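Working notes, structure below.
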Amino acid sequence: MSFLQTLKIAWEGLTLNKVRSFLTTLGVIIGVAAVIAMLAVSAGAEAEVADQINALGANLIMIMPSFTRGGFGTRAGPPPSLHYPDLIKIEQNVTGINGISAEQNTTQNVRTETTTLTDIPVVGTTAGFIAVHEYTVAEGRFITNEDNDRANKVIVLGYDIAKELFGDQSPVGQTVKVGSVRLTVIGVMSEKGVVGNTDYDGRVYVPITLVFKKWVNDRFNRNALRVVYVSAQSKEVMDDVMAQLNKLVMQILDTTADSPGFTLMTQDSVITMRTAATETFRNLLAWVAGISLVVGGIGIMNIMLVSVTERTKEIGLRQAIGARPRDVQLQFLLEAVLLSLIGGLIGVIAGVSGSWLFNQFGSMRTEIVWSSIPLAFGAAALVGIFFGYYPATKAAQLDPIVALRHE
Amino acid sequence: MQNPSDNHLLIEIHDLTKVYGKGEVAVHALRGVDVMVERGEFVAVMGPSGSGKSTLMNILGCLDRPTSGRYLLDGEDVSKLDRDQLAGVRNKKIGFVFQSYNLLPRLTAIKNVMMPMLYNGYIRATDAERYARAADMLKAMGLSDRMHHKPNELSGGQQQRVAIARALINNPAIILADEPTGNLDTRSAQEIMALLKELNRGGVTIVMVTHELDIAEHAQRVIYLIDGQIVSDRTHASGIAHLHNGVINGKLHVEAEKER
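Same order as they appear, the protein sequences are chains A and B.
Per the working numbering, residue 1 is the first one in the first sequence, and the count goes up by one each step.
Per the working numbering, residue 408 is the first one in the second sequence, and the count goes up by one each step.
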């Protein structure tokens, strides 16, 4: 019998009991949809991380406090950390850097006489911010070291904030109230848009020392800086800059090389680290998806065994009129493969459309990994062959006399 | 009849035995059976249950292999063939007619008739050719207006006629009918027997198992089996009436009645 004829017969076998066939494929549908959706979610998360990191300028070095040091009995008081004056020290003593910045954020209402904007992110930062973020000022000037040294009551507005508060008027020289503090507008940033999660245009920028003084006065940590960003002049000087930083920061923190109390990271190392994290996550999801495919396969095997028993008489008749064992085997194997492939197809549609809908209307970013479609589809076909083989072989080995007598 | 040569023998069985099981529990279903069937014969096989007639039919139909002995079908020794080869022989040379028709309930009459052609690898026919052939066959069975009905929309007699069309579709050397009228009322049974006789007159060789004398009377020759041996092989059924009745009444002395 030709392959096409067998395929036709297998299809007829499936349509015999449509509801049962559909329920049988459900396991494969869920498995395949899970593979595609999970890969889309983790690819989305990875893209998010990449965007956030790429939002920062190139050749960036991050000085991060390390929490491995400390614990009971090591040293009284807060862990060693950098403070605003240290930034100036670093800026003056390390060669080959474009700028250095740190951020301390808060959320405040921002007002003029006529307009109030609620819950606006206020970024306390330093002069180096624009070098680190590769950002430019559209009008006026950015915060200077002098502003920070004196904790000047000045503010730079994000592009959208300036538009919302002042319309087409120039805000420079005007006064806005942030929380209860009256600040003078010294500049407006150029338009940058949303990068990663950050809406650059919907924020305002003030001296970091002002944030510490007015809003985040943390006595215990003595206004410690969390992450310090250093922008190197070029890729070539990165290693040199890092060596200088390592030495200087240890000196500032009064620590030694075996427990420096900080780590230096580059964009590359952050990406590597985050990718490793999402990879672990993705492997876990792959296992979950794989297990549900196996469960789906067992469902197919189960139903195929039932089907072989139910159709014993049909098998006997087919053998009597000339079906060879391999004809019978192929017929039932194709039924199982068709079941799993149909499940795979529905699963692909469900996975892709589900991921897309989630990206459009949900809270999570997803990116469909197109290569996961043939992967999931192939896995479904393998499941069908693997779990269909035993029932099909069982059908093929039936004795025609016994099968014909079966009621 | 043709010239006396081996060629006119369609079935040649020599000293056929079939044993199920081993040792103490062994069941000797056939104990040395010899049968010759010529082309164009209509043979009825009778016997009480357990006499081995089903076993004989299974071996004749290439559904089972003998324990020993030789079976030549259409000049070919089929007693040593493997499962695949037997399937090929069944497809090309044998047409089965069953007591319970064995039509696939989900297929229409014509699709049921077409089925054996699908397993017929040596004919490279198109779907349209198969369809046309099956339609002709159903027409010959007087079912041209029932071709697209499913089995449950047909009467028993009609279903059996579809089954006969299916048995004939690959031009078999022989029709094996196992109690073909067992599930039918008297009138339908007579119709089916008339049909089989007509086919036989047209040259189709038929071997039929039955336990009813009046059905066996339609055949030209009746073989009677008891305990795995042929006890009577006559050219007409009337001669075995008392034998059959004796078996039914349980008064039979096998050895005394044994002829040949």
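Ideal placement from N, C-alpha and C gives every residue a C-beta, glycine not left out.
Keep in mind it's a predicted model, so treat the numbers as computed, not measured.
Determine whether the beta carbon atoms of residue i and residue j lie at a separation below 8 Å.
i	j	result
TYR364(B)	GLY13(A)	Since the first and last residues shown for chain B are 408 and 667, residue 364(B) lies out of range.
MET554(B)	ARG537(B)	no
VAL614(B)	VAL450(B)	yes
SER269(A)	GLY57(A)	no
ASN59(A)	SER234(A)	yes
LEU423(B)	VAL440(B)	yes
PHE377(A)	SER42(A)	no
ILE346(A)	THR24(A)	no
ASN590(B)	ASN498(B)	no
VAL504(B)	ILE582(B)	yes
GLU419(B)	LEU479(B)	yes
VAL204(A)	ASP51(A)	no
GLY344(A)	ALA380(A)	yes
LEU606(B)	TYR631(B)	no
LEU602(B)	ALA584(B)	no
ILE580(B)	THR588(B)	Checking the displayed sequence, the identity of residue 580(B) turns out to be Ala instead of Ile. Contact flag unset, no.
GLY454(B)	ILE633(B)	yes
TYR390(A)	MET301(A)	yes
Who are residue i's beta bridge partners in DSSP?
i	result
ASN105(A)	VAL123(A)
ARG111(A)	THR116(A), LYS177(A)
PRO65(A)	PHE262(A)
THR393(A)	According to DSSP, which records beta bridges pairwise, THR393(A) is partnered with nothing at all.
GLN636(B)	ILE633(B)
MET382(B)	Since the first and last residues shown for chain B are 408 and 667, residue 382(B) lies out of range.
HIS435(B)	VAL426(B)
THR198(A)	VAL195(A)
GLY187(A)	GLY140(A), VAL156(A)
ASP149(A)	DSSP lists no partner for ASP149(A).
ASP585(B)	VAL616(B)
GLU445(B)	LEU416(B)
ALA451(B)	MET615(B), VAL629(B)
GLY99(A)	SER231(A)
ASP484(B)	LEU479(B)
Please classify residue i as buried or exposed, where buried requires at least 16 neighbouring CB atoms within 10 angstroms.
i	result
TYR427(B)	exposed
LEU82(A)	buried
PRO473(B)	buried
PHE72(A)	Residue placement at PHE72(A) is poorly supported in this model, since its pLDDT is 49, which falls under 50; the coordinates are not used for a value here.
LEU4(A)	exposed
LYS429(B)	exposed
THR617(B)	buried
ILE291(A)	exposed
ASN652(B)	exposed
GLN567(B)	buried
GLU407(A)	exposed
GLU191(A)	exposed
LYS247(A)	exposed
ILE647(B)	buried
GLN104(A)	buried
ALA277(A)	exposed
GLN108(A)	buried
VAL695(B)	Residue numbering for chain B in the displayed model covers 408 to 667; residue 695(B) lies beyond these limits and cannot be assessed.
ASN509(B)	buried
In terms of residue numbering, what span does the alpha helix (DSSP H) encompassing residue i cover?
i	result
ASP86(A)	84-93
ASP621(B)	620-623
ARG540(B)	534-547
ILE368(A)	That residue, ILE368(A), is in no alpha helix (DSSP H); it is neither H nor E in DSSP.
PHE129(A)	129-132
GLY563(B)	563-575
ASN527(B)	Here ASN527(B) belongs to no alpha helix (DSSP H), and DSSP marks it neither H nor E.
Locate the beta strand (DSSP E) running through residue i, then write down its first and last residues.
i	result
PRO207(A)	204-207
LEU416(B)	416-427
SER475(B)	475-480
VAL230(A)	228-232
PHE503(B)	501-504
Mind checking whether the beta-carbon of residue i lies closer than 7 Å to any heavy atom of the ligand ADP?
i	result
ALA572(B)	Annotation note on the ligand ADP: not contained in the displayed structure, which lists no ligands.
**Report entry** Any 3 or more C-beta pairs closer than 8 Å across the stretch 185-196 of chain A and the stretch 137-157 of chain A
**Finding:** yes
Query - Segment contact, 8 Å Cβ cut-off, at least three pairs: the stretch 493-500 of chain B with the stretch 439-450 of chain B - result: no
Query raised in the report: For the 8 Å Cβ check, are there 3 or more pairs between the stretch 318-334 of chain A and the stretch 388-403 of chain A?
Result: yes
Query raised in the report: Using 8 Å as the Cβ pair cut-off and three pairs as the minimum, do the stretch 98-115 of chain A and the stretch 125-137 of chain A touch?
Result: yes
Query raised in the report: Three or more beta-carbon pairs under 8 Å between the stretch 456-463 of chain B and the stretch 288-302 of chain A, yes or no?
Result: no
Query raised in the report: Does the stretch 42-51 of chain A come within contact of the stretch 361-370 of chain A, defined as at least 3 CB pairs closer than 8 Å?
Result: yes
Query raised in the report: At a cut of 8 Å, does the stretch 237-254 of chain A reach the stretch 152-166 of chain A through at least three beta carbon pairs?
Result: no
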